[in-house]
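Below is one structure, written out as structure tokens, with a few remarks after it.
Numbering (UniProt numbering), first residue to last: 1 to 708.
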């Protein structure tokens, strides 16, 4: 028995040795492996641990402001309280919901944001609520079998949510509106949650609770404010959040973000890049999880340049009021005759430089008895001009040698074989071209056009000859004055040309209509450029609404240095001689200043200025909707109306040195209405201009300091 005990004692150490040896081998292998990791792969693994991402964000700089030619503010930036949100790359949708619920107790979202809540927004909110509360959103709606067999279980779930499930209280709707803004935000880029109507109390409450609101900040934003909500607003344009989809590539290539505010119309759009300036560029460093480690400014950015208009805003406002007052007077005097008249337009420019001093368009709403600014109609809408273009007809006749200076024609009824009788509004007897302009003789223009077509002396009941190319020849003469081509005004590629196509049939008859302003249509800006060309001695000058750009100045009392100025640009010199131009200028003078002139009594005898110009009345048709008993449009019908137009220029000294040129267009007036609105508007525009000159003078900035 004792021997057996000894045998057992000798076997235990052997087994333990095997166990210890095995453990030793395992630990040796582990140490070896750790050594390999530390020595061979240590640097790579440490680099993986320390790996970070670089993220660039671009923050908008203050937008350039807009001033008139005298340095008066037209559009400025109003500081606003703003509540923003900047998510990290690691921020989850549930975390955004948690922020939205906390923030909803501190701010009320604007009504328009609540109105913009979509069904999709409510569904997202429903789903995230389930996730936040750790509930299965699919339970009771989508079965496990459906989830397993469907490629889009989430879409199936969303489709099955009922209106009852998506009905929320007012406070929950406020949360949804906030959540929508948070979900729209890009990582590491500040996004405004509420930047309009933030009260001081809301601002303070959010500031006090920032430690509970990751990513939320209180800051100062700005909004565009306008000196006048109506004057020149359509030219200034709109400035809104979100780059247009059709211009996405353009804006992204210029460092814009999808949710940036940009100009979407008018000058705000055309000069977006100059007004926006350069963005501040910030480089953010994040860890692998997307948490922010560091931020540094790479480029401090540059505020947008201030835009200075050629417009005199005080004069512009006065012109607006003149159009409104005369329009109302015309309607009040002849309400039935003028029932189709709906707008009036006027352009005033310096014929020497092309600077536009005022561009007004007023549209009248009879239902509300209110006017709406449609200043851009002066470049977008074209109308038959009537007799205002007879100066171009005379100059075409003179330059083509169809007539000579002093050529006389008898103003008499014209009978062309196979057509109705043509006549001026009265028989004037024998006239030269100056007289013809003063009395506005249609017959003189027709006989001039007939000669350009290859006809000899007028013979009653003779056939009208037509030399091929005559119509195009007259069109080309008109184009030299800007009639039938774009004026080139600033950066408006959509500017209307207004010319109809060259007629394919009856070119001779249509050329007669063309010669008296009854064929081609023109914009108010084109008419202003045309009369400016006559006023300045034959130079077609490009109209400018923008005078210059200047760097922003911290001293708000004065403008900064000039960055870029728009100099006078002569587009072409007309082919007519100075002698020929002088004949038309004389005709325009007699129109305004002699008893026989069609504008006599409106412009003659003025103590502050002398003026010249041409009146116009075009027979027009306005097409009206024809509706059935249900109010559906079933067709259209024409009604006969008249376009009343006027072009002219004036000087406080001599017409050889004109101060301004102008054009007035009032479409769709009643036939033979008693209120000569075009002449009254023109007279009051000139009276007002020279009245302002006596009180203010031309206070243009003369600072020519430029920066590169």
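Ideal Cβ positions, reconstructed from N, Cα and C, are used throughout, including at glycine. Treat the numbers as computed from the prediction; the structure is a model and nothing was measured.
Selection 54, 626, 554, 349 evaluated against residue 187 yields 54 as nearest (Cα-Cα). Annotation: the continuous alpha helix (DSSP H) that includes residue 533 extends over 524-535.
One alpha carbon belongs to residue 476, the other to residue 657, and they sit about 28 angstroms apart. Per DSSP, the unbroken beta strand (DSSP E) holding residue 549 starts and ends at 546-550. Short of 6 angstroms from the beta carbon of residue 552, and not among the five residues preceding or following it, lie these beta carbons of its own chain, in chain order: 303, 306, 560. Taking the Cα of residue 692 as reference, the smallest distance to any Cα among 361, 185, 319 is reached at 319. Cα atoms of residue 569 and residue 620: separation of roughly 35 angstroms, rounded to the nearest angstrom. The three-state reading of DSSP puts residue 507 in helix, counting H, G and I together.
Segment contact: the region 319-335 against the region 186-206, fewer than three CB-CB distances shorter than 8 angstroms; contact not assigned. Here residue 308 really is in contact with residue 550; their C-beta atoms are around 6 angstroms apart, less than 8 angstroms. Under the 10 Å beta carbon count, residue 180 is surrounded by 16 or more other beta carbons and is classified as buried.
Residue 376 and residue 235 have their alpha carbons spaced roughly 6 angstroms apart. Taking 9 angstroms as the cut-off, the beta carbon of residue 278 is found closer than this to the beta carbon of residue 299. Per DSSP, residue 209 is not a residue of any beta strand (DSSP E), being assigned neither H nor E. If you compare the alpha carbons of 480, 683, 293 with that of residue 574, the shortest gap goes to 480.
Judged by DSSP in its simplified three-state form, residue 229 adopts coil rather than helix or strand.
The beta carbon of residue 205 lies closer than 6 angstroms to those of 106 in the same chain, with the five residues before and after it left out.
Judged by pairs of C-beta atoms under 8 angstroms, the region 662-670 does not touch the region 582-593, as fewer than three such pairs exist.
From the listed residues 686, 542, 424, the smallest Cα separation to residue 592 is found for 686. For the region 394-464, the full-length beta strand (DSSP E) segments reaching 3 residues or more read 409-411, 429-431 along the chain. For residue 645, the uninterrupted beta strand (DSSP E) segment begins and ends at 633-651. Distance from the Cα of residue 518 is smallest, within the candidate group 83, 525, 500, for 500.
By the C-beta density criterion, residue 284 is buried, having at least 16 other C-beta atoms within 10 angstroms. By DSSP's assignment, residue 623 forms a beta bridge with 638.
For the 9 angstroms CB-CB criterion, residue 353 and residue 541 form a contact.
Bridge partners of residue 281 according to DSSP: 58, 299. With at least 16 other beta carbons inside 10 angstroms of its own, residue 356 counts as buried.
Residue 160 sits exposed, since fewer than 16 C-beta atoms from the chains shown fall within 10 Å of its C-beta. The region 79-110 contains, as complete alpha helix (DSSP H) runs of 4+ residues, the segments 93-104 (chain order). No residue range can be given for residue 607, since it is assigned to no beta strand (DSSP E) and is classified by DSSP as neither H nor E. Under the criterion of beta carbons closer than 8 angstroms, residue 652 and residue 602 do not qualify as touching, at roughly 18 angstroms. Only residues of its own chain outside the window of five on either side were considered, and among them 385, 386, 387, 388, 517, 645, 646 have a CB closer than 7 angstroms to the CB of residue 616, listed in chain order. Contact between residue 444 and residue 431 holds: their C-beta atoms lie close to 6 angstroms from each other, under 8 angstroms. The Cβ atoms of residue 531 and residue 391 sit closer than 9 angstroms to each other. Between residue 436 and residue 394, the C-beta gap is smaller than 9 angstroms, which places the two residues in contact. When Cβ pairs closer than 8 angstroms are counted between the two stretches, the region 224-243 is seen not to touch the region 100-116, the count staying below three.
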